[in-house]
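Step one of this worksheet: look at the structure below.
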Amino acid sequence: MSIYAPKVQNNQWSASVVKLQNGRDQIQAGWRVDPILYGDTRARFFVLFKSGTTQCFNTRCKGFIIVNGQIPLDHIFPHVSKDGNIFEERFYIQKDLIN
């Protein structure tokens, strides 16, 4: 996925995600620029889980288990695509057979 940091106003956000969905359940992973949430306009890694009417953004809910911290949640991407230079990251979503 190419990483960008689009210009957003204080009341806006922008994101690019990979989404897996089965009925009302879904997992999203990608980057997000959100000055309301983070207080700046840098691109950060995030995940979102939805199960029915319940959802969890990053670790902001009870019961969230991190099984791989290779790219920490809320990680700031130091390089973003601009002026013809493209920066990419690979995101993998895997089912953890233990949890």
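For the sequence shown, the residue numbers in UniProt numbering are 1 to 99. Every residue gets a Cβ at the ideal spot worked out from N, C-alpha and C, and that includes glycine. Since the structure is predicted, the reported quantities are computational estimates derived from the model, not experimental observations.
Which of helix, strand or coil DSSP assigns to Leu97:
coil
Quick check: what's the CA-CA separation for Ala43 versus Ile76?
Put simply, the backbone Cα of Ala43 is about 6 Å away from that of Ile76.
In the DSSP assignment, the alpha helix (DSSP H) including Ile27 goes from what residue to what residue?
Counting along the chain, Ile27 falls outside any alpha helix (DSSP H), though it belongs to the beta strand (DSSP E) covering Asp25 to Val33.
Residues in the same chain with beta-carbon distance under 6 Å from Cys56, minus the five sequence neighbours each way, listed in chain order, please.
Phe49 and Phe64
Any chance you could list the beta strand (DSSP E) runs of at least 3 consecutive residues sitting entirely within the segment 18-92, in chain order?
25-33, 44-51 and 54-57
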